[in-house]
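Residues in the sequence shown are numbered from 1387 upward in steps of one, following this note's numbering.
Yeah, the Cβ is synthetic: ideal placement off N, Cα and C, and Gly gets one too.
Just so it is clear, the structure is predicted and the values come from calculations on it, not from any experiment.
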Amino acid sequence: MKTIIIAEAGVNHNGDIDIAKQQIVTAAKANADYVKFQTFRPELNISKKAVKAEYQKKNTGKDETLIEMIKKLELKFEDFITLRDICEREGIGFLSTGFDIPSVDFVVGLDVAFVKIPSGEITNKPYLRHIAGKGKPVIMSTGMAYMDEIRVALNVLTVGGMSKDQITVLHCNTEYPTPMKDVNLKAMLAIQREFNVKIGYSDHTLGIEVPIAAVALGATVVEKHFTLDRSLPGPDHKASLEPNELKAMVKGIRNVEKALSGSGIKKPSPSESKNIKVVRKSIVAARRIMQGEKFSPNNIAVKRPGNGLSPMLWDEVIGKTAKKDFIEDECIEL
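Following this line, the structure appears as structure tokens:
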């Protein structure tokens, strides 16, 4: 099964549509399936009393308020129409997370393949209920969530009319970057066992190994932030992949998918079958053996190639009488 790879552009465009356009081209060149942005209206999401997270303070400073920072990262609704059209031209799927109900309605109107529920909205009942009525498949991130909170959110979605097979739940850790010791990748499997849903992983670690590992464990969706340049100002750049890393991640995931394919039956593969005789060994004469001489550990040995009697027949050969002369390294025949 092919993993859906979402290149998360997020707000790493810094509110500049030209950078956002470059992000689309970058994600397409990396062969991601989708590039995803974030659609929001700051006043509908953030109160004047809201404060920055510690990583946001570290990356953007303490002087501006959270809403001031978010306003700098906002794109207009009409910008997303332009970005969607560029995605079509570049051959990559367009997605955007709507963080408020008007933004969700707008994004759904762009005919996206999935509606994305971000981690911060998993306890937002009116928001979840509204999404449930949209009739679109949902991808829901679960950063900061307890199992019971996931259960309640899924219940809101299913009571609202969704079936579980329309929902993919992403394990996630909402720290930028996520320390490796806090990844807890096994929680993704626990979500699958507990709720019998499709699973995936939204990654905020540094590097590409964890999302690749998630695919090996069964993730059907992988989401990863990327940036054109990690040194750019902004809250999320430092925990994001640069273009060459994004491309390497996609390649790594596709390689893991190939490695996971196959029948599951242990047998020689077509590519290795030609090496069986070369790598395995046969029972051979350790020295010159004369006709009538009995085979013993003193006059036979095990050496490559494997085009003669298998060494697994060693016990059957010992004590038998040579029916002909053998020169050194000649394969033994009974």
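Where residue i and residue j are concerned, what is the direct C-alpha to C-alpha distance, given to the nearest angstrom?
| i | j | result |
| --- | --- | --- |
| Lys1624 | Ser1657 | 42 Å |
| Ala1418 | Ile1718 | 57 Å |
| Lys1458 | Ile1487 | 21 Å |
| Ala1645 | Ala1602 | 9 Å |
| Val1542 | Phe1492 | 22 Å |
| Ile1478 | Arg1666 | 48 Å |
| Leu1720 | Lys1663 | 19 Å |
| Leu1497 | Ser1655 | Position check: residue 1497 holds Asp in this sequence, whereas Leu was assumed. The alpha-carbon atoms of Asp1497 and Ser1655 are separated by roughly 44 Å. |
| Asp1659 | Gly1648 | The sequence shown places Ser at residue 1659, not Asp. Answer to the nearest angstrom: the Cα atoms are 16 Å apart. |
| Met1533 | Lys1502 | 19 Å |
| Met1530 | Ser1696 | 58 Å |
| Cys1558 | Leu1618 | 24 Å |
For residue i, does the three-state DSSP call read helix, strand or coil?
| i | result |
| --- | --- |
| Met1530 | coil |
| Ala1671 | strand |
| Glu1643 | helix |
| Lys1462 | coil |
| Asp1402 | coil |
| Thr1707 | strand |
| Gly1678 | coil |
| Ile1453 | helix |
| Val1569 | coil |
| Thr1468 | helix |
| Val1607 | strand |
Could you round the C-beta distance between residue i and residue j to whole angstroms and report it? I think they count as a contact, below 8 Å.
| i | j | result |
| --- | --- | --- |
| Thr1425 | Thr1483 | 7 Å |
| Thr1554 | Ile1585 | 7 Å |
| Val1569 | Val1596 | 6 Å |
| Phe1423 | Leu1469 | 7 Å |
Considering residue i, what are the terminal residues of the beta strand (DSSP E) in which it resides?
| i | result |
| --- | --- |
| Gln1424 | 1420-1425 |
| Cys1558 | 1553-1558 |
| Glu1394 | 1390-1396 |
| Ile1686 | 1686-1689 |
| Ser1659 | That residue, Ser1659, is in no beta strand (DSSP E); its alpha helix (DSSP H) goes 1656-1659. |
| Leu1481 | 1479-1484 |
For residue i, which residues does DSSP report across the bridge?
| i | result |
| --- | --- |
| Leu1627 | Phe1612 |
| Ile1503 | Met1526 |
| Ile1585 | Val1555 |
| Ser1340 | An answer regarding residue 1340 cannot be provided, because it is not within the stretch 1387 to 1720 covered by the chain. |
Tell me where the alpha helix (DSSP H) around residue i begins and ends.
| i | result |
| --- | --- |
| Tyr1513 | 1511-1518 |
| Val1493 | 1487-1495 |
| Leu1699 | Careful: Leu1699 lies outside any alpha helix (DSSP H) and carries neither H nor E. |
| Thr1446 | 1440-1446 |
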